[in-house]
Amino acid sequence: MARWVIHLDLDAFYASAEQLTRPTLAGRPVLVGGTGPRGVVAGASYESRAFGIRSAMPMAQARRLLPANGVIVPPRFRVYERLSQEVFAVVTAVAPVLEKISLDEAFAEPPQLTGASLDEVTSFCATLRARIRAETGLVASIGAGNGKQIAKIASDEAKPDGLLVVPQGTEREFLAPLPVRALWGIGPVAEGKLRFIGVQTLGQLAALSEQDAVATLGGVVGRDLRRLATGFDDRPVADRGETKQVSAETTFDTDIKDLATLRTEVRRIAVGAHQRLVKAERVARTVVIKLRHTDMHTVTRSETISAPTDDLAELSAVAERLLLDPAEFGGIRLAGVAYSGLSVPHQDALFTLAAPSVAPASTVVSSAPTPVAPPSEWRQGDDVVHEEFGTGWVQGAGHGRVTVRFEHRSSGPGAARTFPQSDPALTRGDPGDCLK
Numbered sequence: 254m255a256r257w258v259i260h261l262d263l264d265a266f267y268a269s270a271e272q273l274t275r276p277t278l279a280g281r282p283v284l285v286g287g288t289g290p291r292g293v294v295a296g297a298s299y300e301s302r303a304f305g306i307r308s309a310m311p312m313a314q315a316r317r318l319l320p321a322n323g324v325i326v327p328p329r330f331r332v333y334e335r336l337s338q339e340v341f342a343v344v345t346a347v348a349p350v351l352e353k354i355s356l357d358e359a360f361a362e363p364p365q366l367t368g369a370s371l372d373e374v375t376s377f378c379a380t381l382r383a384r385i386r387a388e389t390g391l392v393a394s395i396g397a398g399n400g401k402q403i404a405k406i407a408s409d410e411a412k413p414d415g416l417l418v419v420p421q422g423t424e425r426e427f428l429a430p431l432p433v434r435a436l437w438g439i440g441p442v443a444e445g446k447l448r449f450i451g452v453q454t455l456g457q458l459a460a461l462s463e464q465d466a467v468a469t470l471g472g473v474v475g476r477d478l479r480r481l482a483t484g485f486d487d488r489p490v491a492d493r494g495e496t497k498q499v500s501a502e503t504t505f506d507t508d509i510k511d512l513a514t515l516r517t518e519v520r521r522i523a524v525g526a527h528q529r530l531v532k533a534e535r536v537a538r539t540v541v542i543k544l545r546h547t548d549m550h551t552v553t554r555s556e557t558i559s560a561p562t563d564d565l566a567e568l569s570a571v572a573e574r575l576l577l578d579p580a581e582f583g584g585i586r587l588a589g590v591a592y593s594g595l596s597v598p599h600q601d602a603l604f605t606l607a608a609p610s611v612a613p614a615s616t617v618v619s620s621a622p623t624p625v626a627p628p629s630e631w632r633q634g635d636d637v638v639h640e641e642f643g644t645g646w647v648q649g650a651g652h653g654r655v656t657v658r659f660e661h662r663s664s665g666p667g668a669a670r671t672f673p674q675s676d677p678a679l680t681r682g683d684p685g686d687c688l689k
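Sequential numbering of the sequence shown, starting at 254, is according to our numbering.
See below:
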């Protein structure tokens, strides 16, 4: 009987969540991220992508591309986590087993679709998309096919706000014209190896003999990727559970015998582990290093930092502090870096969310000092509550004043009001208040 797997992906999730809970932002270019010197774009609305902005772009570069009506707000991961839970609650009502990849995407294999026709699958997915929009206010693109690979690529092709079901038996035809990078598991290195032998599309990869695929990409990897390129994918959909730790390690061709070389290698390994941390959308509080001696004796050392973070510089600095000097420890054949104590980044150091520091007072004595308003305690995007006007968010602050837009998910665009920044009726709000 025909097997049907669906892949659900929330469109521009972080930015869409901001537009949903702050209705004034609907239809406007919105960036989520930090504005500090190391800030990056965590999320970009489709309106901002039209100007060449994309996720992971340095915020300084994105700011130059952002039009005059664009808005930059700090990330609110508590809001995103709550909305993700709402969406997946809708999905699990019809598909009890969910394989969540991140806060905004997941696989499912609804039991009622086993043996279903193309029309039945299309109707099911359309109904699910409509329910998600009606019950949460968010837009999901869905792809469906005979396995996880086809479903994932189909949802990518359906974006934004679309649905694509790949008919059974047409998988190879569907995949053939796509570039090899469309396949999960093919990164820049594998792409380069395939290009070297003249393979640029999935059709060309599928046409390779298994022997040539293995010779180019390696044993198990080459065989599996070639098989996926033909449209065959029998991998089960299964609940992954919660990520407890992310790590990376390397076995060296020759033993490392000096500290400088070891530090260089550990910095590189720390980057690999950090990429997995970011992909898992988590922050870490504990750094662990693993060192394996020439005689196979293994030592692990760890340090727990004061606050969870995904700041690469901080994490790799901790990893370097934990190293043992090979001049004393002996030759090292393997090194690894792991990050544990994972949690959802409610205030992620990657986005440089700290409020600006207050400049020290001038030492110049003046007989008639000019009154200067104290630095604002409010940042654009802060959640606030006013005793009279209720839930809102800071639209702008400075010169002793703060402007607040009072609105939430179900309010529609709200009115903006300006207050003295020290107004006792204005207090910090819970990000979750905007979801009512």
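Each residue gets a CB set at the ideal place from its N, CA and C atoms; glycine is no exception.
- Message: Bridge partners for V260 per DSSP, in chain order?
- Response: Before going further, note that residue 260 is His rather than Val in the sequence given. For H260, the pairing in a beta bridge is given by DSSP as F360 and G396.
- Query: Does the segment 450-465 come within contact of the segment 487-506, defined as at least 3 CB pairs closer than 8 angstroms?
  - Reply: Not touching, per the Cβ criterion.
- Query: What are the start and end residues of each continuous beta strand (DSSP E) run of 3 or more residues lying completely inside the segment 406-445, in chain order?
  - Reply: Inside the segment 406-445, DSSP marks whole beta strand (DSSP E) runs of 3 or more residues at positions 416-418, from first to last along the chain.
- Task: List the endpoints of the continuous alpha helix (DSSP H) containing D636.
- Result: It is not in any alpha helix (DSSP H) - D636 instead sits in the beta strand (DSSP E) that spans D636 to H639.
- Task: Look at C687 and R275 and say whether their C-beta atoms are less than 9 angstroms apart.
- Result: A contact, by the Cβ cut-off of 9 angstroms.
- Task: Between the Cα of P311 and those of F330, V285, A537 and L381, spot the shortest distance and give me the residue it belongs to.
- Result: Cα-wise, what sits closest to P311 is V285.
- Message: So the candidates are T277, T539 and F582; which of them puts its Cα closest to the Cα of R545?
- Response: Nearest C-alpha to R545: F582.
- Message: How far does the beta strand (DSSP E) with I585 in it extend, from its first residue to its last?
- Response: According to the DSSP assignment, I585 belongs to the beta strand (DSSP E) that extends over I585 to S593.
- Message: Helix, strand or coil, according to DSSP, for T605 in the structure here?
- Response: Low confidence applies to T605: its pLDDT is 36, below 50, so where it sits in the model is not reliable, and the reading given next is rough at best. T605: coil per DSSP, three-state reduction.
- Query: By the 10 Å Cβ neighbour count, where 16 or more other Cβ atoms means buried, how is F449 classified, buried or exposed?
  - Reply: So F449 counts as exposed.
- Message: Given this structure, state the Cα-to-Cα distance separating L351 from A513, to the nearest angstrom.
- Response: Taking the straight line from one Cα to the other gives about 46 angstroms.
- Item | Length of the line joining the Cα atoms of S394 and D372 | Roughly 17 angstroms between the two C-alpha positions.
- Query: For G643, which residues from the same chain have a beta carbon less than 7 angstroms from its beta carbon, with the 5 sequence-adjacent residues on both sides left out?
  - Reply: Counting only Cβ-Cβ distances below 7 angstroms, and skipping sequence neighbours, we find F659.
- Assigned secondary structure, V347 (DSSP; H/G/I helix, E/B strand, else coil): In this structure, V347 counts as coil in the three-state DSSP scheme.
- Task: Could you name the residues of the same chain whose beta carbon sits closer than 6 angstroms to that of D636, not counting the 5 residues immediately before and after it, in chain order?
- Result: If we look at D636 and ignore the five residues flanking it on each side, its Cβ neighbours are W646, G682 and P684.
- Query: Relative to the alpha-carbon of F304, which residue among L478, G665, V283 and T277 has its alpha-carbon at the smallest distance?
  - Reply: Here the closest residue by C-alpha is V283.
- Message: Would I585 and K532 be called neighbours here (beta carbons separated by less than 9 angstroms)?
- Response: The answer is no: Cβ separation not under 9 angstroms.
- Would you mind reading off the limits of the alpha helix (DSSP H) that contains K532? Start and end: L512 to K532.
- Can you tell me the Cα-Cα spacing of T680 and V655, whole angstroms? Near 12 angstroms, if we compare the C-alpha coordinates of V655 and T680.
- Item | Residues near A429 in its chain [Cβ-Cβ closer than 8 angstroms; skip 5 each side] | Hits under 8 angstroms: T454, L455, G456 and A459.
- In terms of residues, what are the limits of the beta strand (DSSP E) holding R681? R681 -> beta strand (DSSP E) spans L679 to R681.
- Task: Flag this pair as yes or no: are the beta carbons of S596 and T539 separated by less than 9 angstroms?
- Result: The answer is no: Cβ separation not under 9 angstroms.
- Message: On the DSSP bridge list, what partners appear for K353?
- Response: BP columns for K353 point to A359.
- Is the CB-CB distance between A411 and G398 below 9 angstroms? Using a Cβ distance threshold of 9 angstroms, A411 and G398 do not count as a contacting pair.
- If you drop the 5 nearest sequence neighbours on each side, which residues of the same chain put their C-beta closer than 7 angstroms to that of A482? L428, L436, L455, L458 and A459.
- Item | Integer Cβ distance of V258 from A404, believed to fall under 8 angstroms | Cβ-Cβ separation between V258 and A404: approximately 5 angstroms, consistent with a contact (criterion under 8 angstroms).
- Per-residue burial, V473 [other beta carbons within 10 Å of its own, 16 or more giving buried]: A residue is called buried once 16 or more other Cβ atoms fall within 10 Å of its Cβ, and V473, having fewer, is exposed.
- Task: Verify whether the separation of the beta carbon atoms of D486 and Q402 is less than 9 angstroms.
- Result: For the 9 angstroms CB-CB criterion, D486 and Q402 form a contact.
- Task: Following the continuous beta strand (DSSP E) through Q498, name the residue where it begins and the one where it ends.
- Result: First-last of the beta strand (DSSP E) with Q498: Q498 to I509.
- Query: Tell me which same chain residues have a C-beta within less than 7 angstroms of the C-beta of Q674, skipping the five on either side of it?
  - Reply: Once the five neighbours on either side are set aside, the close Cβ partners of Q674 are S629, E630, W631, A650, G653, R654 and V655.
- V536 - DSSP class collapsed to helix/strand/coil: For V536, the three-state secondary structure derived from DSSP is strand.
- Task: Output the boundary residues of the alpha helix (DSSP H) element that contains E313.
- Result: Residue identity check: residue 313 is Ala in the sequence provided, not Glu. Under the DSSP assignment, A313 falls in the alpha helix (DSSP H) whose first and last residues are M312 to L318.
- Message: Once the 5 residues before and after E742 are set aside, which same chain residues still bring their CB inside 8 angstroms of it?
- Response: Limits of the chain in this structure are 254 at one end and 689 at the other, which puts residue 742 out of reach.
- Query: Helix or strand or just coil, what does DSSP make of P673?
  - Reply: In the structure shown, P673 adopts extended strand secondary structure according to DSSP, grouped into three states.
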